[in-house]
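Below is one structure, written out as structure tokens, with a few remarks after it.
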Amino acid sequence: MQFNLAVLPGDGVGPEVTSEAVKVLLAIGKRFGHDFNLHYGLVGGVAIDKTRVALSPETLKMCQSSDAVLLGAVGGPKWDAPKAKVHPEDGLLALRKGLGLFANLRPVKVSPVLTDSTNLKPAVIEGVDFIFVRELTGGLYFARPKRQWRTSRGRRATDSMTYSEQEIERIVRVGFELARGRLKKLVSVDKANVLQSSRLWRQVAIEVAEEYPNVELEHMLVDACAMRLIQNPAYFDVLVTENMFGDILTDEASMLAGSMGMLPSASLAGVPREGGNIFGMYEPIHGSAPRRAGLNMANPLAIILSVAMMLRYSFGLIKEAQMVESAIDEVLKEGYRTYDIMGEGKTKVGTKEMGDLVAKKIAG
Ligand code: IPM
Ligand code: MG
Numbered sequence: 011m012q013f014n015l016a017v018l019p020g021d022g023v024g025p026e027v028t029s030e031a032v033k034v035l036l037a038i039g040k041r042f043g044h045d046f047n048l049h050y051g052l053v054g055g056v057a058i059d060k061t062r063v064a065l066s067p068e069t070l071k072m073c074q075s076s077d078a079v080l081l082g083a084v085g086g087p088k089w090d091a092p093k094a095k096v097h098p099e100d101g102l103l104a105l106r107k108g109l110g111l112f113a114n115l116r117p118v119k120v121s122p123v124l125t126d127s128t129n130l131k132p133a134v135i136e137g138v139d140f141i142f143v144r145e146l147t148g149g150l151y152f153a154r155p156k157r158q159w160r161t162s163r164g165r166r167a168t169d170s171m172t173y174s175e176q177e178i179e180r181i182v183r184v185g186f187e188l189a190r191g192r193l194k195k196l197v198s199v200d201k202a203n204v205l206q207s208s209r210l211w212r213q214v215a216i217e218v219a220e221e222y223p224n225v226e227l228e229h230m231l232v233d234a235c236a237m238r239l240i241q242n243p244a245y246f247d248v249l250v251t252e253n254m255f256g257d258i259l260t261d262e263a264s265m266l267a268g269s270m271g272m273l274p275s276a277s278l279a280g281v282p283r284e285g286g287n288i289f290g291m292y293e294p295i296h297g298s299a300p301r302r303a304g305l306n307m308a309n310p311l312a313i314i315l316s317v318a319m320m321l322r323y324s325f326g327l328i329k330e331a332q333m334v335e336s337a338i339d340e341v342l343k344e345g346y347r348t349y350d351i352m353g354e355g356k357t358k359v360g361t362k363e364m365g366d367l368v369a370k371k372i373a374g
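Heads up, the sequence shown is in this note's numbering, so the first residue is 11 and it goes up one at a time.
Now the structure itself:
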């Protein structure tokens with residue numbers, strides 16, 4: 011089969027890890043007889059340097075006419091001045107909005123071979139395997155009004171947590187659909203004891219639940235959820251939440267897996283189905299890690315796992331996705347580790363070596 015893929019390596023360690031993901035994708039293509047046509051573009055700081063915007067209209071168009079987008083990372087101290095007119099992160103937000111990527115999937119699964127590399131007691135993280143569904147194109151990130159202004163009594167600023175019932179319905183539905191194919195337990199996270207937007211969220215979740223009688227719906231307040239994630243993370247199966255809560259909770263959850271370097275993500279324009287062909291953007295959860303850039307240090311497994319998600323949700327290639335995941339498992343079992351997941355008696359490798367090891371397993 012033929013697929014068009016937009017590749018946006020971005021900033022910091024982005025280009026290094028993206029190369030390894032492409033290497034693995036091409037190995038899959040070779041082994042299974044697929045053609046992946048790669049179209050490279052600029053986003054983030056590198057785009058600001060070259061075009062003065064974090065995402066050019068041409069790059070957005072190129073992404074829109076592809077089957078999926080693979081993104082490395084954006085951002086870095088060079089572009090961080092708070093008063094700067096344009097930030098690398100604007101490119102990421104423009105992609106999410108411009109491509110209609112309302113559903114952000116962040117699976118957190120602790121590999122049994124890595125339980126010794128987290129800060130939590132192994133007994134607590136044993137068996138952790140859940141998936142976060144974060145709303146990605148609404149709430150505080152995008153809703154209006156959103157501005158800063160001067161008054162006679164000083165400066166003021168506002169962001170708005172506004173949600174329409176349609177926005178809530180479609181994201182909650184993603185949660186139910188995923189839960190249906192898993193342990194049938196959906197936790198909807200809100201702050202309904204205080205926020206109006208959360209009260210509507212809760213009502214809509216209850217309405218959608220009627221269509222899914224086999225899935226158990228539980229409402230959890232966001233602060234209680236933050237606590238439960240550390241206290242008993244194995245409790246969770248699927249969680250669904252609004253944009254900002256999801257941003258914060260998924261960083262917290264990533265620490266369960268030991269390193270952000272292990273966690274993939276998918277941002278989708280529709281309801282995911284294994285073997286389906288939903289348009290999506292795939293990226294590692296970790297950022298651009300500027301201090302590690304250019305050192306062949308960064309762990310490429312998060313973006314390689316993101317490629318597996320891409321094969322599964324956007325290209326409909328389940329066997330191929332499984333092959334990527336089992337290649338990673340084997341390489342880890344053999345004791346190879348990047349610096350972030352290094353443990354006693356293991357073999358330390360760099361970004362490139364890790365990518366080579368995975369690609370070689372796929373080549374067979
Ligand atoms: C994330 C990141 C982004 C976000 C930033 C880089 C804008 O933290 O993907 O979680 O806040 O959504
Ligand atoms: Mg974040």
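Yeah, the Cβ is synthetic: ideal placement off N, Cα and C, and Gly gets one too.
For this session: Examine the ligand MG and report whether any of its heavy atoms sits within less than 8 angstroms of the Cβ of Thr147.
Result: False, no ligand heavy atom lies under 8 angstroms from that Cβ.
Exercise. Would the beta-carbon of Asp257 be found less than 8 angstroms away from any heavy atom of the ligand MG?
Worked result: Correct: Asp257 has its Cβ closer than 8 angstroms to the ligand MG.
For this session: Look at the alpha carbon of Ala133 and the alpha carbon of Tyr292, and state the distance between them as a whole number of angstroms.
Result: Those two C-alpha atoms are separated by around 31 angstroms.
Problem set entry | Heavy atom of the ligand IPM within 8 angstroms of Val84 beta-carbon | The ligand IPM approaches Val84 closely enough that one of its heavy atoms is under 8 angstroms from the residue's Cβ.
For this session: Can you grab the Cα-Cα spacing for the pair Ala267 / Asn114, in whole Å?
Result: So the two alpha carbons sit approximately 18 angstroms from each other.
For this session: Using 10 angstroms around the beta-carbon of Ala215, count the other beta-carbons present and answer buried if the total reaches 16, otherwise exposed.
Result: Per the 10 Å Cβ criterion, buried.
For this session: Say yes only if the C-beta of Gly297 is nearer than 8 angstroms to one or more non-hydrogen atoms of the ligand IPM, and no if none qualify.
Result: Yes - the ligand IPM has a heavy atom lying nearer than 8 angstroms to the Cβ of Gly297.
Exercise. Can Tyr346 be considered in contact with the ligand IPM, in the sense that its beta carbon sits closer than 8 angstroms to one or more heavy atoms?
Worked result: Not one heavy atom of the ligand IPM falls within 8 angstroms of the beta-carbon of Tyr346.
For this session: At 3 residues or longer, and completely inside the stretch 146 to 170: list those beta strand (DSSP E) runs for me, N to C.
Result: Taking only runs of at least 3 residues, the beta strand (DSSP E) segments lying wholly in the stretch 146 to 170 are 157 to 161, 164 to 168.
For this session: Report yes if the C-beta of Glu99 is less than 8 angstroms from at least one heavy atom of the ligand IPM; otherwise report no.
Result: Answer for Glu99: yes, Cβ within range of the ligand IPM.
Problem set entry | Run of the alpha helix (DSSP H) containing Pro67, from where it starts to where it stops | Counting along the chain, the alpha helix (DSSP H) containing Pro67 begins and ends at 67 to 74.
For this session: Look at Ser198 and Gly185 and say whether their C-beta atoms are less than 9 angstroms apart.
Result: For Ser198 and Gly185, yes; Cβs fall inside 9 angstroms.
For this session: If I'm right that Lys119 touches Asp90 with Cβ under 8 angstroms, what's the distance once you round it to whole angstroms?
Result: Rounded, the Cβ-Cβ distance is 32 angstroms, inconsistent with contact.
Exercise. Under the rule that 16 or more other beta-carbon atoms within 10 Å means buried, what is Glu68, buried or exposed?
Worked result: Note on Glu68: under 16 other CB atoms within 10 angstroms of its CB, so exposed under the neighbour-count rule.
Exercise. Around the C-beta of Trp159, are 16 or more other C-beta atoms found within 10 angstroms, so that it is buried, or is it exposed?
Worked result: Flag for Trp159 reads exposed.
For this session: Can you have a look at Asn203 and say buried or exposed, based on whether 16 or more other CB atoms are within 10 angstroms of its CB?
Result: Residue burial is scored here from C-beta neighbours: Asn203 has fewer than 16 other C-beta atoms within 10 angstroms and is therefore classed as exposed.
For this session: State the DSSP-derived secondary structure class of Val281, mapped to helix, strand or coil.
Result: DSSP, read as helix, strand or coil, puts Val281 in coil.
Exercise. Given that a residue counts as buried once 16 or more other Cβ atoms are within 10 Å of its Cβ, and exposed if not, what is Tyr323?
Worked result: So Tyr323 ends up on the buried side.
For this session: Indicate whether the contact test is met: 3 or more Cβ pairs, each with one atom in the stretch 308 to 325 and one in the stretch 277 to 295, closer than 8 angstroms.
Result: With the cut-off at 8 angstroms, the stretch 308 to 325 and the stretch 277 to 295 touch.
Problem set entry | the stretch 163 to 177 contacting the stretch 227 to 238, beta-carbon criterion three pairs below 8 angstroms | Pairwise C-beta distances place the stretch 163 to 177 out of contact with the stretch 227 to 238, as fewer than three of them are shorter than 8 angstroms.
For this session: Examine the Cβ distances between the stretch 69 to 86 and the stretch 14 to 30 and report whether three or more of them are shorter than 8 angstroms.
Result: Counting C-beta pairs closer than 8 angstroms gives three or more between the stretch 69 to 86 and the stretch 14 to 30, which meets the contact rule.
For this session: Find out if the Cβ-Cβ distance for the pair Val334, Ile351 is shorter than 9 angstroms.
Result: Cβ atoms of Val334 and Ile351: not closer than 9 angstroms.
Exercise. If you count every other CB in all the chains shown that lies within 10 Å of the CB of Ala31, and 16 or more means buried, which is it?
Worked result: Answer is buried; the Cβ neighbour count reaches 16.
For this session: May I ask you to verify whether the stretch 352 to 359 touches the stretch 33 to 43, counting CB pairs closer than 8 angstroms and requiring at least 3?
Result: Cβ pair count under 8 angstroms is below three, so no.
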